[in-house]
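To keep things clear, I will list the structure first and then write my remarks on it.
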Amino acid sequence: MTKAEKFFRDPRIAEAKKLIFSALSDAQKTITSVEPPSEKNDLVAEFADVRGMPLYFSYIGSGLGNGALVELTDGSCKYDLITGIGVHYFGHSNPGVMDAAIDAALQSTVMQGNLQQNIDSLRLGQLYTKLSGFDHCFFSTSGAMACENSLKIAFQKKHPAARVLAFEHAFAGRTLALSQITDKPGFREGLPPTITVDYLPFFDQKNPVESTRKTLEVLKTHIKRYPKQHAVICMELVQGEGGFWVGSREFFKAIIDVLKSHDIAVWADEVQTFGRTENLFAFQTFDLDGLVDIVTIGKNSPACATLFNQSFAPRPGLLSQTYTASTSAIHAARYMVEYALDHNFFGPSGKIQKLHKLFTEGLAHLHEKYGCIHGPYGIGAMIAFTPFDGSDAKVKEFVQKLFTNGIISFVAGSNPTRVRFLLPVGALVENQIPEIMQILEKTIQECL
Ligand SMILES: Cc1ncc(COP(=O)(O)O)c(C=O)c1O
60 MTKAEKFFRD PRIAEAKKLI FSALSDAQKT ITSVEPPSEK NDLVAEFADV RGMPLYFSYI
120 GSGLGNGALV ELTDGSCKYD LITGIGVHYF GHSNPGVMDA AIDAALQSTV MQGNLQQNID
180 SLRLGQLYTK LSGFDHCFFS TSGAMACENS LKIAFQKKHP AARVLAFEHA FAGRTLALSQ
240 ITDKPGFREG LPPTITVDYL PFFDQKNPVE STRKTLEVLK THIKRYPKQH AVICMELVQG
300 EGGFWVGSRE FFKAIIDVLK SHDIAVWADE VQTFGRTENL FAFQTFDLDG LVDIVTIGKN
360 SPACATLFNQ SFAPRPGLLS QTYTASTSAI HAARYMVEYA LDHNFFGPSG KIQKLHKLFT
420 EGLAHLHEKY GCIHGPYGIG AMIAFTPFDG SDAKVKEFVQ KLFTNGIISF VAGSNPTRVR
480 FLLPVGALVE NQIPEIMQIL EKTIQECL
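Just so it is clear: in the sequence shown, position 432 is 491 by the working numbering, and no numbers are missing.
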């Protein structure tokens with residue numbers, strides 16, 4: 060046993076934790092449902108001033124929550140169904156996540172990095188390689204950095220091919236390179252061109268055969284026009300920022316067959332889908348095991364990562380970072396993934412599917428009653444609907460009203476713009492859904 064292990068097992072630490080969790084439990088008993096603000100504060104304006112940009116919502120967290128409910132500094136309590144765009148899988152002030160973070164705080168360093176990895180990084184990397192079936196796991200501090208690393212690995216492997224394929228309405232992050240893949244002109248306005256991207260139309264669930272045929276035709280045209288120049292395709296299996304559009308195994312398989320015959324690498328960007336479909340990885344849900352070369356994860360895994368096989372291993376010098384993840388991100392990621400696997404989150408009758416069913420039934424009911432909300436769309440713990448005409452302005456108004464009424468959601472896609480939820484699966488309980496549906500109904504009535 061190392062000296063550290065002896066320290067972590069010191070009974071005084073267990074005693075201190077007992078006190079902390081008893082205080083937490085008392086504090087959480089005061090947050091049980093939605094509450095309006097109790098005071099007006101200037102913190103949101105101060106925040107906008109500091110960062111030079113307004114915040115999207117009047118949201119500054121107080122630092123306490125109870126599962127799906129979060130307290131803000133204005134004293135309000137709200138259902139957080141977007142969780143920082145899919146970050147807090149276990150909601151707010153989850154005792155298990157907090158326990159993992161306390162253990163992390165007891166470690167020798169706040170951050171881990173290229174030259175200094177504690178045993179926690181090793182264990183999480185081993186867990187991810189085992190669960191994904193990939194040989195290697197390289198950590199990074201953001202989804203975008205995991206995606207940058209994926210691009211670099213693919214380019215090095217396929218050199219001198221330097222073009223990228225991606226789907227229309229893709230989102231891969233906002234670095235200089237990724238903002239060329241991310242299909243939003245506004246997000247690359249004023250930036251110099253870096254990599255060259257050729258776009259393919261995404262799958263249309265309403266028209267599977269025709270949309271697959273069309274995508275294959277466009278793909279073959281790009282490959283013919285630029286022979287041997289494409290290094291990699293960036294694929295979101297479910298388009299996240301693009302509006303929760305869901306692909307299919309047949310669609311991806313048909314594309315991958317063409318890509319493989321032209322030696323083009325397949326990268327599944329799972330930053331948004333990780334932990335949200337019927338399996339831990341969406342590529343497993345779409346039965347694409349063995350067909351994908353690189354996978355990137357983030358969000359639900361606060362330690363973000365690029366997973367790849369030995370045949371894609373980069374040469375020394377290509378990847379390195381001072382920080383690979385914070386120690387608390389590593390501990391929390393391991394806790395959440397292991398908990399989700401041990402507590403029946405996945406599979407056809409897992410918690411993700413149960414929540415999906417309850418939400419989609421509730422939304423379908425509202426559709427029948429009011430006709431002015433369309434959908435539901437999405438998969439697993441990614442649920443969306445289109446309110447009213449789906450115009451940007453109307454949906455933003457709806458999302459802000461929903462926020463005022465006690466539910467935090469966010470927009471996705473455009474033409475139509477949808478409202479989306481990235482459910483905190485580890486926190487949400489079934490008996491909260493009726494209150495959530497009531498708030499949705501009230502907001503619909505206010506917007507009629
Ligand atoms: C599919 C996808 N890739 C990459 C990213 C970038 O991740 P991050 O914001 O952590 O840099 C996101 C973020 O929304 C995403 O949804």
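Where a beta carbon is used, it is the ideal one built from N, C-alpha and C, also for glycine. Just so it is clear, the structure is predicted and the values come from calculations on it, not from any experiment.
The continuous alpha helix (DSSP H) containing Phe-462 extends over residues 451 to 464.
In chain order, the residues positioned with their C-beta nearer than 6 angstroms to some heavy atom of ligand 1 are Ile-144, Ser-201, Gly-202, Ala-203, Cys-206, Phe-230, Ala-231, Gly-232, Glu-295, Gly-299, Glu-300, Asp-328, Val-330, Gln-331 and Gly-357. Annotation: Asp-158 is outside any beta strand (DSSP E); the continuous alpha helix (DSSP H) that includes it extends over 154 to 164. Nearest Cα to Gly-472 within the set Leu-487, Ser-199 and Thr-241: Thr-241. Distance from the Cα of Lys-287 is smallest, within the candidate group Val-169, Leu-224, Glu-248 and Phe-116, for Leu-224. In the structure shown, Ser-180 adopts helical secondary structure according to DSSP, grouped into three states. Within the same chain, Met-496 come within 8 angstroms of His-424 by CB-CB distance, once the 5 residues on both sides are set aside.
Going by beta carbons, Tyr-138 and Val-93 fall inside the 8 angstroms limit. In this structure, the beta-carbon distance from Phe-367 to Ile-389 does not fall below 8 angstroms. With a cutoff of 8 angstroms on beta-carbon distance, Ala-341 and Glu-329 are scored as near each other.
Under the three-pair Cβ rule at 8 angstroms, the region 391 to 401 counts as touching the region 147 to 156. Straight-line spacing of the CA atoms in Glu-295 and Thr-188 works out to 20 angstroms. For Pro-361, the number of other beta carbons within 10 angstroms of its own is at least 16, and it is reported as buried. Three or more pairs of CB atoms, one per stretch, sit closer than 8 angstroms, so the region 271 to 290 contacts the region 303 to 321.
With contacts defined as CB atoms closer than 8 angstroms, Gly-485 and Tyr-398 qualify as a contacting pair. The beta carbons of Ile-411 and Phe-404 sit about 5 angstroms from each other, so the pair counts as a contact at 8 angstroms. A buried status is given to Ala-205, since no fewer than 16 other beta-carbon atoms sit within 10 Å of its beta-carbon. Judged by DSSP in its simplified three-state form, Met-395 adopts helix. Contact check for Ser-387 against Ala-164 passes: the beta carbons are separated by less than 8 angstroms. The straight-line gap separating the alpha-carbon atoms of Ile-323 and Tyr-429 is approximately 47 angstroms.
Using a 10 angstroms sphere on the CB of Val-351, the tally of other CB atoms reaches 16 or more, which defines it as buried.
In this structure, the straight-line span from the alpha carbon of Leu-123 to that of Leu-140 is close to 16 angstroms.
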